[in-house]
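So the sequences go chain by chain: A and B. For the first sequence, counting from 1, position 169 maps to 169 in this note's numbering; every step adds exactly one. For the second sequence, counting from 1, position 141 maps to 1141 in this note's numbering; every step adds exactly one. Data first, discussion second: the structure below is written as structure tokens.
2 protein chains.
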Amino acid sequence: MKTNPTPSGQTEEGSERRRQILEIAAQLFARKGYRGTSMRDIGLQAGVLGGSLYHHIKSKDALFVELHGAALDAAEERIAKAVRDQDGPWAKLQAACATLLEIQLAPDSLTTPMMNDFREVPDAVRKQLIARRDRFEDLFRVLVESLPLRPEIDRSIYRNLLLTQLNSTADWYRPGRLKPADLAAQIVAIFRQG
Amino acid sequence: MKTNPTPSGQTEEGSERRRQILEIAAQLFARKGYRGTSMRDIGLQAGVLGGSLYHHIKSKDALFVELHGAALDAAEERIAKAVRDQDGPWAKLQAACATLLEIQLAPDSLTTPMMNDFREVPDAVRKQLIARRDRFEDLFRVLVESLPLRPEIDRSIYRNLLLTQLNSTADWYRPGRLKPADLAAQIVAIFRQG
DNA sequence: CCTACCGATCGGTAGG
DNA sequence: CCTACCGATCGGTAGG
Chain A
1 MKTNPTPSGQ TEEGSERRRQ ILEIAAQLFA RKGYRGTSMR DIGLQAGVLG GSLYHHIKSK
61 DALFVELHGA ALDAAEERIA KAVRDQDGPW AKLQAACATL LEIQLAPDSL TTPMMNDFRE
121 VPDAVRKQLI ARRDRFEDLF RVLVESLPLR PEIDRSIYRN LLLTQLNSTA DWYRPGRLKP
181 ADLAAQIVAI FRQG
Chain B
1001 MKTNPTPSGQ TEEGSERRRQ ILEIAAQLFA RKGYRGTSMR DIGLQAGVLG GSLYHHIKSK
1061 DALFVELHGA ALDAAEERIA KAVRDQDGPW AKLQAACATL LEIQLAPDSL TTPMMNDFRE
1121 VPDAVRKQLI ARRDRFEDLF RVLVESLPLR PEIDRSIYRN LLLTQLNSTA DWYRPGRLKP
1181 ADLAAQIVAI FRQG
């Protein structure tokens, strides 16, 4: 939908240069966190001085919120599609988990969400991130609703635990023989008790 | 063992004043993270200027490492005791989980571990934290070894997922009708598939 | 434990 | 996009 480039290069909104900068910033934020990434760091990677970035963005805060939102937009779309392709509540859940893990564990793109360092972020930013994340999690709320779970399981806690699991995997996962899809299978195997 | 106070007040190692400062620092680090807590913040809570803290500690880094170590020491001791009091692998695991959650979710003491913001911390500090945490996790390695798990479950991944779950609960838990022990029961109910 | 300060770094801006 | 800078804040220190 927005993949084909606009006619020519202007310095505003959707410019290619701006997209490059967003991608660089997303990678740095994902690796070093919000506070651990300075505007000068981003500038260094982009080949300009920190101050020059302000031609393309309004503030560090707005940049972070925009990246977070774009990442969740992309993730929602990919997950919804993966879920559509499956039949049965557990197959749908596993597809959603595998897709989210693939996105989270491939930290090389604009689409990597950053759901983990809310505590590092200014209060005003945090509020926006939480609101957006809550909407994102509705996707999983629906999936968990349709699971056939034992009655003693609290679905709200269950969903929280599952999402926590998915979101914090990036903290310890290292690429190797264990693929994201394998990990998703293990997680669902655990969460799918008889 | 170290609970009764030393004869009188000196300004060195084990002074009461120092203990107060460590407690204040631990709370702030737990709430705001490593980078989000300045020495001036700690001083403000302690009623002194930031620079004055350096009579009691060597550096911010050393302070954080010391707090992390002390918290894990205390947690290990409490968990080992709780495990000893139970029979059977699942009962032992649940006791360990409940104890760890109780510690993590009562953020008002020197004993609250901070296992979550390793990315915020300087490299030299991170290495020490990881080494200490790995030793701590051996406690759970032993517990997971003795579980009767289905053969298709990878115990190393299983342990990682469980610990991730326990350690990241503090990010979303809010005190209420759901007690730490209840949460531990829910987690173990999920991880204990038939 | 304070005063008074250091060098470094931060997000951000004016003006070209 | 750069030069040159702002005010704020950081960890830490000397000297009392």
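Each residue gets a CB set at the ideal place from its N, CA and C atoms; glycine is no exception.
Would you say residue i faces chain A, with C-beta separation under 8 angstroms as the test?
i	result
B/Ser-1146	no
B/Gln-1094	no
B/Leu-1044	no
B/Glu-1077	no
B/Arg-1084	no
B/Lys-1179	no
B/Lys-1058	no
B/Arg-1018	no
B/Gln-1165	yes
Would residue i count as contacting chain B if we go by Cβ distances under 8 angstroms?
i	result
A/Ser-15	no
A/Arg-155	no
A/Ile-190	yes
A/Gly-176	no
A/Gly-194	Confidence at A/Gly-194 is low in this model, with a pLDDT of 48, below 50, so its placement is unreliable and no value can be given for it.
A/Arg-119	yes
A/Leu-67	no
A/Glu-23	no
A/Trp-172	yes
A/Leu-161	yes
A/Ser-168	yes
A/Gln-27	no
A/Gln-186	yes
A/Arg-35	yes
A/Lys-32	yes
Looking at the secondary structure, which residues open and close the alpha helix (DSSP H) in which residue i lies?
i	result
B/Ile-1157	1155-1168
A/Arg-126	123-145
B/Leu-1067	1060-1084
B/Thr-1099	1089-1104
A/Gln-193	Neither: A/Gln-193 is in no alpha helix (DSSP H) and is coded neither H nor E.
B/Pro-1044	The sequence as given places Leu at residue 1044 of chain B; Pro does not occur at that position. B/Leu-1044 -> alpha helix (DSSP H) spans 1039-1046.
B/Arg-1017	1016-1032
Which residues in the same chain as residue i place their Cβ atom closer than 7 angstroms to its Cβ, once the five residues preceding and following it in sequence are excluded?
i	result
A/Leu-163	Glu-137 and Phe-140
B/Met-1115	Arg-1133 and Asn-1167
B/Tyr-1034	Phe-1064, Asp-1117, Glu-1120 and Val-1121
A/Leu-101	Leu-166, Thr-169, Pro-180, Leu-183 and Ala-184
A/Ala-70	Leu-110
What does a CB cutoff of less than 8 angstroms around residue i pick up in its chain, not counting 5 residues either side in sequence?
i	result
B/Ala-1096	Ile-1079, Ala-1082, Val-1083, Leu-1139, Phe-1140 and Leu-1143
A/Gln-193	Arg-150
A/Pro-89	Leu-143, Ser-146, Leu-147 and Pro-148
Taking only the alpha-carbon atoms, compute the straight-line gap between residue i and residue j and give it to the nearest angstrom.
i	j	result
A/His-55	A/Ile-42	14 angstroms
B/Lys-1179	B/Ala-1170	12 angstroms
A/Ile-103	A/Ala-62	23 angstroms
B/Lys-1058	B/Leu-1044	18 angstroms
B/Met-1051	B/Arg-1040	Strictly speaking, residue 1051 of chain B in this sequence is Gly, with Met absent from that position. Each residue's Cα considered, the two are about 8 angstroms apart.
A/Gly-47	A/Arg-18	13 angstroms
A/Ala-124	A/Gln-20	26 angstroms
A/Gly-14	B/Ile-1190	46 angstroms
A/Glu-77	A/Ile-24	22 angstroms
A/Arg-126	B/Ile-1153	37 angstroms
A/Asp-87	A/Glu-16	39 angstroms
A/Lys-92	A/Asp-85	8 angstroms
B/Tyr-1158	A/Tyr-158	17 angstroms
B/Ala-1240	B/Leu-1053	Residue 1240 of chain B lies beyond the stretch modelled for chain B, which goes from 1001 to 1194, so this question has no answer here.
A/Gln-94	A/Arg-135	20 angstroms
B/Gln-1128	B/Leu-1049	28 angstroms
Going by alpha carbons, who is nearest to residue i out of the options?
i	options	result
A/Leu-22	A/Thr-37, A/Glu-66, A/Val-48 and A/Glu-77	A/Glu-66
A/Gly-176	A/Asp-85, A/Ala-106, A/Pro-113 and A/Ala-124	A/Ala-106
B/Val-1121	A/Ile-24, A/Lys-32, A/Leu-28 and A/Ser-15	A/Lys-32
B/Gln-1027	B/His-1068, B/Ile-1190, B/Arg-1159 and B/Val-1048	B/His-1068
A/Val-188	B/Trp-1172, B/Gly-1036 and B/Leu-1161	B/Leu-1161
B/Ile-1130	B/Leu-1072, B/Lys-1060, B/Asp-1087 and B/Gly-1036	B/Leu-1072
A/Tyr-173	B/Tyr-1173, B/Leu-1093, B/Ser-1156 and B/Gln-1186	B/Ser-1156
B/Lys-1060	B/Ala-1074, B/Thr-1037, B/Ala-1070 and B/Leu-1049	B/Thr-1037
Here's a check: name, in chain order, each residue in its chain whose Cβ is nearer than 6 angstroms to the Cβ of residue i, leaving out the five neighbours to either side.
i	result
B/Ala-1181	Ala-1098
A/Gln-186	none
A/Thr-6	Low per-residue confidence applies at A/Thr-6: pLDDT is 37, beneath 50, and the placement is therefore not dependable, though the value from the model is reported in the following sentence. So the list reads Gly-14, once near-sequence residues are dropped.
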